[in-house]
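Engineer: Before we start, here is the structure in question, set down as structure tokens.
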Amino acid sequence: MNIRLRCCHAWPCFLACLLVGCGGMDQDDMLKYARKGRPDSDNAVAPRDAAPTATSAQPVTNGNAVTSQAKQPVATDVPAPMADATAAGATPSVRTNAMIESLPLPTATDTISPDTNLSQTERRQMTIQNLSRIGQAMEAFLAAENRYPSFAIHGPTGQPLLSWRVALLPYLGYAQLYQQFHLDEPWNSPHNSQLLNMIPAVYQSPERLDNRTNYLVPVSTSGPFYGKTGKVPRRWEDGMENVAIVLEVDDAGAVEWSRPTDYEVDLTRPKLNLGNRRADGLFLVWGGGQLARLAPIIPSSAFKAMFTVDGGEVFSAAAVSQAATAELDSSFAMKSEAAQSNVSSPAFEANRHENTANVAVERPSTIRQGQLTGGQYVALAQRAFALGDLAGASKFLMLASLSNEIAPQELVRWISAINRPVVTVTLGLSLEYTGPNTQLASKLAKKVHASQSSDNAPSKELESLAGELARRVFLELDEVPVIAPDVVQATTNRPRLQNVRQQLKFLGVGSESTILQAAQMDSVDAVVHFVVEDRRSRSSRTVHKSCRMKVLDVWRRKEIYRSEEVNYTKRERSLTDPLFVDPLDQISREVRELFEQQFSFDPVPTRLRSVHAKKRLTSLANQSVEDPVGILAEANYYYSRELVGMADVLSVYQHHLGEEAGLRLLAGSPNEKIEVLKKWTPMEPHEVRATANDDDDD
């Protein structure tokens with residue numbers, strides 16, 4: 139047999155033919171088999187059951203005109219696009235304007251006129267339908283190509299020419315429109331620019347209905363659409379379902395629909411131009427095609443995690459996702475109406491994100507208890523935060539969750555250091571002193587409740603007693619961002635509270651048990667507690683100072699962190715030793731890591747079970763506090779996540795409020811809930827209250 143085999147892959151068949159016969163395979167058949175190349179390992183499509191429909195060619199995917207062997211999605215009932223002539227290596231065809239006019243209009247193109255009048259519900263429903271269709275088309279593309287489309291159709295030299303939205307057209311039912319594009323020309327070429335106004339309705343933004351779209355994919359070096367082909371989903375180490383693939387961006391980020399420009403992720407500002415289009419947050423599509431809504435208060439760390447495919451973050455999309463509904467959540471409806479009518483009111487003025495650096499914050503002294511209605515707690519929380527009162531901001535946010543202004547699961551976050559969910563973290567500062575300097579300790583003890591940022595801050599006195607350790611700890615806490623949700627931090631670009639040190643509420647001087655009791659009565663979550671001992675030497679009568687620092691969990695009454703003891707006399711003697719390791723350096727690193735890692739907002743752990751929540755409720759029901767708002771808010775959170783039943787949370791409510799009030803808080807109307815909570819609602823944030831008291835004294 140005089141046969142020249144053109145590929146080494148054909149020799150097994152040739153050998154089999156010699157041994158057992160070819161079963162009818164002639165020389166031509168063997169040559170056809172030999173020409174077949176080995177499939178690419180990443181882009182190979184797993185075998186699927188063939189649909190009982192005719193196979194049609196796929197669209198050209200880039201300027202090099204390589205035609206895919208995959209099948210057109212069966213769900214598309216319009217004719218599939220023809221393979222471009224460049225796919226076979228021929229000279230690209232030239233389509234004139236006359237040819238475009240002679241082509242039949244795309245039957246699936248249903249562009250909506252900008253004059254169309256849509257209600258808010260209709261606009262939301264249109265966006266939900268659009269994103270849902272785009273997500274389904276993305277999954278169809280993935281099934282056919284074993285990857286999502288690249289963010290752009292690239293030219294021969296790698297330059298982006300057209301958007302992924304053009305590549306997705308056949309999977310959305312716009313095959314004829316796809317055929318009209320010159321895939322080897324940029325989006326704004328004389329030919330392709332004529333198709334801009336033929337934007338399909340699925341890409342139209344219902345608030346504008348022009349040729350720009352708000353539906354973009356996130357693009358970054360660590361994201362799913364990086365490079366000419368993107369990253370293969372099976373290599374997304376964080377899991378497809380935890381990666382955002384399509385976003386509805388704000389109008390500031392909208393682009394012409396065929397333009398190969400998308401959402402450039404800035405990991406230092408991952409929420410830029412996101413989440414302000416809808417009153418209740420951001421609409422998006424997760425990998426796998428799941429449509430969801432993210433509430434406005436989702437922290438920046440969650441956005442960073444959802445924009446990376448292999449970041450290794452502790453993140454779950456399920457923990458932050460809410461249902462995308464056509465009807466606006468009632469807790470956000472009031473804010474939306476004010477924004478649409480462009481009417482400024484005391485209840486919503488603080489919800490606006492100001493762009494100027496120096497913003498005058500209106501003091502809410504005109505809002506009294508008797509005037510409170512649903513929808514005002516968040517505004518009051520934002521103002522309290524801007525005035526430097528974190529405790530007041532925390533109180534108003536918890537009241538917002540209890541009155542149904544904000545869903546608890548959208549507001550409460552998990553803090554691993556204290557092993558429980560909170561709205562904000564209220565930190566205390568205290569001192570336990572033993573030594574001869576009783577006068578300074580007594581002076582310090584009088585400054586209870588003074589914050590580090592106020593004029594009568596106890597920093598200097600405390601550093602005088604605790605020494606270099608206190609100064610080092612304060613310097614580290616100056617670098618740790620404030621522990622508060624985004625919903626209050628967005629009030630102004632320059633809030634007074636900027637770091638953890640400014641959150642510290644001074645609780646006084648006393649033993650650990652005394653301080654914990656005071657902290658619990660004052661609704662403090664954790665305490666930075668310095669233990670100082672001044673010992674006078676009998677021989678030289680010199681004072682030897684030693685100090686250590688603890689971080690205490692108030693409600694569990696246990697240590698979160700304990701530093702080693704620093705003996706200042708020994709340390710001073712050892713500073714000249716070249717081998718000396720300064721314990722203050724180690725303590726500084728430990729404190730920084732503790733607050734950055736364990737005191738940051740995290741998703742609720744998946745290990746949290748009903749048995750844990752019920753055990754916690756039993757503990758909350760047996761506690762006696764003057765202000766039960768924090769306890770009520772935590773119980774309400776477990777109930778909202780269906781970890782406990784109605785009877786469980788009712789027992790906590792009735793223990794702290796009484797039988798009738800507890801039942802009204804659980805099952806009453808929003809106004810009834812506000813009436814129950816009025817007793818613990820601050821009339822004004824702390825600073826305004828203090829100013830009013832000073833005026834009364836004069």
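Going by the numbering used here, the letters in the sequence shown line up with residues 139 to 836, in that order. Where a beta carbon is used, it is the ideal one built from N, C-alpha and C, also for glycine.
Would you mind working out which of R754, L781 and A455 sits nearest R747, comparing C-alpha positions?
Structural biologist: When each option's Cα is compared against that of R747, the closest is L781.
Engineer: Cα separation between S602 and A751?
Structural biologist: 43 Å
Engineer: Which word fits E465, buried or exposed, when buried means at least 16 other C-beta atoms lie within 10 angstroms of its C-beta?
Structural biologist: exposed
Engineer: In whole angstroms, what separates the C-alpha of M336 from that of E614?
Structural biologist: Approximately 57 Å between the Cα atoms of the pair.
Engineer: Looking only at its chain, what residues have a beta carbon closer than 8 Å to the beta carbon of N774, apart from the 5 residues adjacent to it on each side?
Structural biologist: S539, L540, P546 and V787
Engineer: Does the separation of the CB atoms of D389 and V357 fall below 7 Å?
Structural biologist: no
Engineer: Where does A837 land, buried or exposed, given buried means 16+ other C-beta within 10 angstroms?
Structural biologist: For residue 837 there is no data in the structure shown, the boundaries of the chain being 139 and 836.
Engineer: Assuming W424 contacts V355 (C-beta within less than 8 Å), just tell me the rounded distance between them.
Structural biologist: Contact doesn't hold; Cβ gap of about 12 Å is too wide.
Engineer: Taking the alpha-carbon positions, what's the S661 to K643 distance?
Structural biologist: If you take the alpha carbons of S661 and K643, they lie about 11 Å apart.
Engineer: Pull up the distance between the alpha-carbon of E617 and that of G566, whole angstroms please.
Structural biologist: 18 Å
Engineer: Can you look up L300 in the DSSP assignment and give me helix, strand or coil?
Structural biologist: strand
Engineer: Just the C-alpha distance for T819 and A622, rounded to the nearest angstrom, thanks.
Structural biologist: 19 Å
Engineer: Apply the 10 Å Cβ neighbour rule to Q83 and answer buried if 16 or more other Cβ atoms are within range, or exposed otherwise.
Structural biologist: Missing from the structure shown is residue 83; the chain here goes from 139 to 836 and no further.
Engineer: Here's the rule I'm using: 16 or more other beta-carbon atoms within 10 Å means buried, otherwise exposed. How should K409 be labelled?
Structural biologist: With 16 or more other Cβ atoms within 10 Å, it is buried.
Engineer: Could you give the residue range of the alpha helix (DSSP H) that holds K598?
Structural biologist: Looking at the DSSP string, the run of the alpha helix (DSSP H) that includes K598 is S597 to A604.
Engineer: Among N542, T564 and Q514, which one has its Cα closest to the Cα of F526?
Structural biologist: A quick correction: the sequence has Gly, not Phe, at residue 526. Of N542, T564 and Q514, the residue nearest in Cα terms is T564.
Engineer: Mind checking V749: buried by the 16 CB within 10 Å criterion, or exposed?
Structural biologist: exposed
Engineer: Does the stretch 343 to 350 come into contact with the stretch 277 to 289, if we say contact requires no fewer than three beta-carbon pairs (one atom in each stretch) closer than 8 Å?
Structural biologist: The stretch 343 to 350, when compared against the stretch 277 to 289, does not touch it at the 8 Å Cβ threshold.
Engineer: Taking T259 as part of the beta strand (DSSP E), name the residues at either end of that continuous run.
Structural biologist: First-last for T259: Q258 to E283, but that is the alpha helix (DSSP H), not the beta strand (DSSP E).
Engineer: What is the C-beta distance between R431 and F421, in whole angstroms, given that I count them as a contact (C-beta under 8 Å)?
Structural biologist: About 6 Å separates the two Cβ atoms, so the contact holds.
Engineer: Under DSSP, the alpha helix (DSSP H) around G768 begins and ends at which residues?
Structural biologist: V767 to S778
Engineer: Look up N809 in the DSSP assignment and say whether it is helix, strand or coil.
Structural biologist: In the three-state reduction of the DSSP assignment, N809 falls in the helix class, which pools H, G and I.
Engineer: Taking the beta carbon of Q761 as the centre, do at least 16 other beta carbons fall within 10 Å, making it buried, or is it exposed?
Structural biologist: exposed
Engineer: Among all the DSSP beta bridges, which residues are the ones paired with M687?
Structural biologist: F668
Engineer: For L758, which residues of its own chain have a beta-carbon under 8 Å away from its beta-carbon, when the five flanking residues on both sides are left out?
Structural biologist: I769, E772, A773 and V790
Engineer: My understanding is that T562 touches L528, with C-beta atoms under 8 Å, so please give their C-beta distance in whole angstroms.
Structural biologist: 6 Å
Engineer: Report yes if the C-beta distance between A440 and V458 is below 7 Å; otherwise report no.
Structural biologist: Cβ atoms of A440 and V458: closer than 7 Å.
Engineer: Could you check whether the stretch 320 to 336 touches the stretch 361 to 381, counting it as contact only if at least three pairs of C-beta atoms, one from each stretch, sit closer than 8 Å?
Structural biologist: no
Engineer: By DSSP, does N330 sit in helix, in strand, or in coil?
Structural biologist: N330 falls in the helix class under three-state DSSP.
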